[in-house]
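Below: the structure, in structure tokens.
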Amino acid sequence: MSGQPQGRKHTEVAVGVLIRPADDALLLSTRPEGKAYAGFWEFPGGKIEAGETVEQALRRELHEELGITIAGAEVWKITEHDYPHALVRLHWCKVTAWSGEFEMREGQAMRWQQLPLDVAPVLPGALPVLEWLTQERGLPASAALAVSTLA
Ligand SMILES: Nc1nc2c([nH]c(=O)n2[C@@H]2O[C@H](COP(=O)(O)OP(=O)(O)OP(=O)(O)O)[C@@H](O)[C@H]2O)c(=O)[nH]1
């Protein structure tokens, strides 16, 4: 039979939509060298390890990658994306409070961004979230589409 290979397991991922309280800017960072889609812009986060909650995984990842400690995180949306390298389930959390100074511990670049983003390309798995944020902010749909640069 054709189609999905049987038993392909989801990789569970915790992702943080960091929103800067002063101006509602969103934090995007680049994927480090050596990972799939290196150089693509994404929201910071990473894989949930065995026994971790989404919040615990996100706190650990953001500390490892960015050097900050988040106050709390609640799941806002859950999406899935089927990449050649993995079938991922993304647990999106909005984060508006953290402590510590940003430090790019994996050699990434980071930018605070308004919609439409002026960085590209963005990981395809992040595009639905840009659409929701665009709707929430009452912006024209083109504010989310402008980043769909992937062929
Ligand atoms: N962090 C993050 N991952 C995303 C986003 N969108 C998206 O599809 N993903 C996918 O989610 C997965 C995250 O895995 P990762 O490789 O960044 O996680 P990690 O840091 O724990 O990886 P490692 O353990 O291999 O070092 C990747 O397959 C990535 O393509 C996003 O906006 N942010």
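Residue 57 in full-length UniProt numbering sits at position 57 of the sequence shown, and the numbers go up by one each step. Ideal Cβ placement from N, Cα and C applies to all residues, glycine included. Everything numeric in this text was worked out from a predicted model, so none of it was measured.
(1) Of the residues Arg105, Ala97, Ser142, Ala141, which one's Cα is nearest the Cα of leucine 26?
(2) Check whether the stretch 106-114 and the stretch 10-26 touch, using three or more Cβ-Cβ pairs below 8 angstroms as the test.
(3) Which value, in whole angstroms, describes the spacing of the CA atoms of tyrosine 83 and alanine 36?
(4) Contact defined as beta carbons within less than 8 angstroms: I believe residue 152 pairs with glycine 45. What is the distance between those atoms, to the nearest angstrom?
(5) Going by the beta-carbon positions, is the gap between proline 21 and glycine 107 smaller than 9 angstroms?
(6) For alanine 57, which residues of its own chain have a beta-carbon under 6 angstroms away from its beta-carbon, when the five flanking residues on both sides are left out?
(7) Taking only the alpha-carbon atoms, compute the straight-line gap between alanine 73 and cysteine 93 and give it to the nearest angstrom.
(8) What residues are listed by DSSP as bridge partners for glutamate 103?
(9) Taking its Cβ as the centre, do 16 or more other Cβ atoms sit within 10 Å of arginine 137, making it buried, or is it exposed?
(10) Valine 15 lies in the beta strand (DSSP E); which residues open and close that run?
(11) Could you tell me if serine 142 is buried or exposed, where buried requires 16 or more neighbouring beta carbons within 10 angstroms of its beta carbon?
(12) Taking arginine 8 as the reference, give the member of Asp118, Arg89, Thr134 with the closest Cα.
Inspection of the coordinates gives the following:
(1) Ala97
(2) Contact between the stretch 106-114 and the stretch 10-26 is established, with three or more Cβ pairs separated by less than 8 angstroms.
(3) 10 angstroms
(4) What the structure shows of the chain is the stretch from 1 to 151, and residue 152 is not part of that stretch, so it cannot be assessed.
(5) No, they are not a contact pair.
(6) Hits under 6 angstroms: Ala14, Ile48.
(7) Straight-line Cα distance between these residues: approximately 6 angstroms.
(8) Note: glutamate 103 sits in no beta bridge, so no partner.
(9) exposed
(10) 10-20
(11) Exposed, since its Cβ has fewer than 16 Cβ neighbours within 10 Å.
(12) Arg89
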